[in-house]
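Notes follow once the structure below has been shown.
Numbering (our numbering), first residue to last: 15 to 186.
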């Protein structure tokens with residue numbers, strides 16, 4: 015059975031396809047927010063390549079409670095309103111995650127912060143480099159659907175201490 019190996023070069027090509035898709039569709043974000051560490055890497059990269067846009071990261075924390083996955087954004091409810099206050103003229107925000115396996119993180123992000131964006135009449139669009147076909151999230155800009163099988167690690171997960179996937183959280 016063939017197993018695809020991901021390298022930084024592979025991922026960079028997928029990131030470039032997200033960038034080209036955003037440009038081709040003519041939607042121009044004015045602020046980029048990365049979700050967690052992968053969103054920090056690729057959100058920063060996209061922000062730079064979209065014209066050195068302002069960029070911030072909102073951390074994500076996963077906790078298992080009785081077989082239920084709790085997704086939280088520590089201090090996010092302080093960060094998002096402060097961002098919108100400091101960038102009061104911004105009307106288009108791009109939210110980036112490196113890869114989404116189930117789609118629950120971007121869905122929870124929108125649920126958690128939509129009131130702040132709606133209050134300021136800000137349009138929010140989501141981008142991911144990789145979206146698992148099983149994901150239930152509606153993502154506006156997807157670099158690649160798949161891959162199949164879903165990898166255990168992407169290149170930005172260079173340590174065994176980095177557990178980005180939900181299946182890894184449920185093992186402990």
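Think of the CB as a built atom: it goes at the ideal place given N, C-alpha and C, for glycine as much as any other residue.
Buried or exposed: residue i, going by 16 or more other Cβ atoms within 10 Å of its Cβ?
i           : result
residue 149 : buried
residue 152 : exposed
residue 108 : buried
residue 96  : exposed
residue 132 : exposed
residue 50  : buried
residue 48  : buried
Grab me the residues of residue i's own chain with a C-beta within less than 7 Å of its C-beta, minus the 5 sequence neighbours each way, in chain order.
i          : result
residue 75 : 86 and 88
residue 67 : 43, 44, 45, 46 and 61
Tell me which residue opens and which closes the beta strand (DSSP E) that residue i is part of.
i           : result
residue 114 : 106–114
residue 188 : The chain is shown only over 15 to 186; residue 188 falls outside these bounds and no answer can be derived.
residue 137 : 137–145
residue 44  : Where residue 44 is concerned, there is no enclosing beta strand (DSSP E), given that its DSSP letter is neither H nor E.
residue 84  : 82–86
For residue i, name the three-state secondary structure that DSSP assigns.
i           : result
residue 57  : helix
residue 160 : coil
residue 72  : strand
residue 51  : helix
residue 36  : helix
residue 181 : Residue confidence is low: residue 181 scores 46 on pLDDT, short of 50, so the model does not pin down where it sits. Its coordinate-derived value is still stated next. Helix, per DSSP.
Hey, residue i and residue j: beta-carbon distance below 8 Å or not?
i           : j           : result
residue 98  : residue 136 : yes
residue 110 : residue 53  : yes
residue 118 : residue 83  : yes
residue 114 : residue 63  : no
residue 106 : residue 56  : no
residue 160 : residue 142 : no
residue 155 : residue 35  : yes
residue 93  : residue 70  : yes
residue 90  : residue 116 : no
I need the boundaries of the alpha helix (DSSP H) containing residue i, first residue and last residue.
i           : result
residue 121 : 118–133
residue 93  : 90–100
Apart from the five residues just before and just after residue i, which ones in its own chain have a Cβ nearer than 8 Å to its Cβ?
i          : result
residue 59 : 29
residue 77 : 83, 84 and 86
What does a CB cutoff of less than 6 Å around residue i pick up in its chain, not counting 5 residues either side in sequence?
i           : result
residue 166 : none
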